[in-house]
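Participant: This is the structure I have questions about; it appears just below.
Residue numbers (the numbering used here): 618 to 1027.
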C-alpha cells in the first residue's frame, strides 16, 4: 500500500513538468546581481594605473601587487607567495600538475612523464573536477575516506611512504561535497608529513575559505606557514578564487606557494603567458578592497544561501529522516549538502529524479573514475534555484529516494 502511495505521489510530481537543474554549485542570479556594479569602476584613463603599473599593458606575469596583497590578506599568507591568474583556480591546478609532468617540480629528479607510475591520494567523497584533472594525466588515484575531522590521516600517513605517491587533493574548509572543516590536528599532521617523494604536492584548494552562510566568519590556519614550520615550505600549493564571491565567469583566481616554488613556477608560466587579465585584477581590488570589506559582501551572499540550505536539510529531515534511508551533513558554509543513502540507491534515485525533471550531479561523480563502490553518495547543490523551486526539487528528490528504496525491497 505504501509503495502505491509513493508511486502515485511520484507520478503527480512528474506530471508537473518541472525543469530544475541542481547539478553544479552555481551562484544564483540574485547573487550575480549583487556584484554587477564591479563593471562601472574603471572609466577614466587614470583609473587603470595601480602602483605605477598601467594594467592595460603587458607585464606582471604573477599579477599586480594590489591583487596579490588582497589574496594574501584573505588567505593569511604573504603577498610574495601569491600568483594571481585568470578567472579559474581549476586552470591553475591543472597547470601545476601539468608542469610536474612536463618539467618536474622544484625537487623532482625528473619530469613525471618519465616515471613508470604516479599515484595520488583522493579523499572521498570529493570534488569531481579534481579527480578529472589527475585522471586526465593517467594518475592512479587512491581513495581515502573523509571523517568528521578531514581525511583519514592514518591511511594518508601510510600511503605517503610509497615514493610513487606524488600528491593529494584537499578542500580543507567546507569540503566539496561533505562540508567538513579540517580540524587543527588534521592540518598539523598534514603539514608535518614527510612523504617518500621529495616532490610531493599537497594541493590545498581553499575554495570556500570565507564562505560561511550560518554564523560569523571563522578564521582558518595558513597552510603555507604551517608547512614551513615543519621544514615543508615547498610541499604545498594553495588555490583560491572569487568565483563564489564576485562572478564565476569573470572573477580572479590565485595559487600561493613558497617563494622558492614561486620563482621556479613563474619561469615556466612565463613561457606560456605574458600576463593574465590585469584590468580584471584591478577591478576586483577596487571592488573588494580588503578582507574586512570582502567579508561584508559574504554576509550578503549568506543571507541568500542560508534559507536554501535550510530548505534542503529541513525537507530531508521531514521526508527521509524518520525512514532511516539516508544520512547527511548539515554544513555551516560552502556550496553543497552531501547525502549518503543506503547502499545501492544513488543511481536509481537520480534516474527517477531526471525522469521527473530534476537534474543533479551524477551518482559516482564524487569518487575517482566516477565509481562510488557503495552507490550511495549524492551531492545536492542548492545555490542556483530560488527557494520555492528548490523546495519542489527536494520533494521530488525525497519521493525518488523512497521509491528507489521500495523497488530494492522487491
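All C-beta atoms, glycine included, are put in the ideal place defined by N, C-alpha and C.
Compare the C-alpha of residue 983 against each of 879, 739, 889 and name the closest.
Facilitator: Here residue 983 corresponds to residue number 366 of the chain shown, with the count starting at 1. Per the Cα distances, 739.
Participant: How big is the Cα-Cα spacing for residue 704 and residue 896?
Facilitator: The sequence position of residue 704 within the chain shown is 87, counting from 1. The sequence position of residue 896 within the chain shown is 279, counting from 1. Residue 704 and residue 896: Cα-Cα distance of roughly 12 angstroms.
Participant: Could you spell out the range, first to last residue, of the alpha helix (DSSP H) harbouring residue 755?
Facilitator: Translated into the one-based positions of the chain shown, residue 755 becomes position 138. Neither: residue 755 is in no alpha helix (DSSP H) and is coded neither H nor E.
Participant: Is DSSP giving residue 827 helix, strand or coil here?
Facilitator: Taking the first residue of the chain shown as position 1, residue 827 is located at position 210. Note: residue 827 maps to coil in three-state DSSP.
Participant: Spatial neighbours of residue 892 within its chain, please: C-beta separation below 7 angstroms, excluding the five flanking residues on both sides.
Facilitator: As a first step, residue 892 is located in the chain shown; it is residue number 275 there, counting from the start. Result list for residue 892: 675, 676, 677, 678, in chain order.
Participant: With a 10 Å radius around its C-beta and 16 neighbouring C-beta atoms as the bar for buried, classify residue 698 as buried or exposed.
Facilitator: Walking along the chain shown from the start, residue 698 turns up at place 81. Burial call: buried.
Participant: How would you call residue 825, buried or exposed, if buried means at least 16 neighbouring beta carbons within 10 angstroms?
Facilitator: For this step, residue 825 is matched to residue 208 along the chain shown. Classification for residue 825: buried.
Participant: Indicate the three-state DSSP secondary structure (helix, strand or coil) for residue 650 in the structure shown.
Facilitator: Indexing the chain shown from 1 puts residue 650 at position 33. Residue 650: helix per DSSP, three-state reduction.
Participant: Does DSSP put residue 784 in a helix, a strand or coil?
Facilitator: Position 167 of the chain shown holds residue 784. DSSP places residue 784 in strand when its eight states are reduced to three.
Participant: Would you say the beta carbon of residue 830 comes nearer than 8 angstroms to a heavy atom of the ligand MN?
Facilitator: In the structure shown, the ligand MN is absent, as is every other ligand, since no ligand is present at all.
Participant: Distance check for residue 1017 and residue 924, CA to CA, integer angstroms please.
Facilitator: By one-based count along the chain shown, residue 924 stands at place 307. By one-based count along the chain shown, residue 1017 stands at place 400. One C-alpha to the other measures close to 23 angstroms.
Participant: Within its chain, find whatever has a CB closer than 7 angstroms to the CB of residue 867; leave out the 5 residues flanking it on each side and keep chain order.
Facilitator: Working through the chain shown from its first residue, we reach residue 867 at position 250. For residue 867, where only same-chain residues beyond five positions count, the Cβ hits under 7 angstroms are 704, 897.
Participant: Under 9 angstroms, do residue 815 and residue 918 count as touching if we go by C-beta distance?
Facilitator: Against the chain shown, residue 815 aligns to sequence position 198. Against the chain shown, residue 918 aligns to sequence position 301. No, they are not a contact pair.
Participant: Does the distance from the CB of residue 808 to the CB of residue 778 come in under 9 angstroms?
Facilitator: Residue 808 sits at position 191 when you count from the first residue of the chain shown. Residue 778 sits at position 161 when you count from the first residue of the chain shown. Result no, Cβ atoms of residue 808 and residue 778 do not sit closer than 9 angstroms.
Participant: Around the Cβ of residue 621, are there at least 16 other Cβ atoms within 10 angstroms (buried) or fewer (exposed)?
Facilitator: Taking the chain shown and counting its residues from 1, the one referred to as residue 621 is at position 4. The residue in question, residue 621, is exposed, as its Cβ has fewer than 16 Cβ neighbours within 10 Å.
Participant: Which term fits residue 986, buried or exposed, when burial requires 16 or more other beta carbons within 10 angstroms of its beta carbon?
Facilitator: Position 369 of the chain shown holds residue 986. Classification for residue 986: exposed.
Participant: If we count Cβ pairs, one from each stretch, closer than 8 angstroms, do we get three or more for the stretch 761-780 versus the stretch 623-640?
Facilitator: Result no; under three Cβ-Cβ pairs closer than 8 angstroms.
Participant: Please classify residue 907: is it buried, with 16 or more other beta-carbons within 10 angstroms of its beta-carbon, or exposed?
Facilitator: Walking along the chain shown from the start, residue 907 turns up at place 290. Classification of residue 907: exposed, given that the 10 Å Cβ count is below 16.
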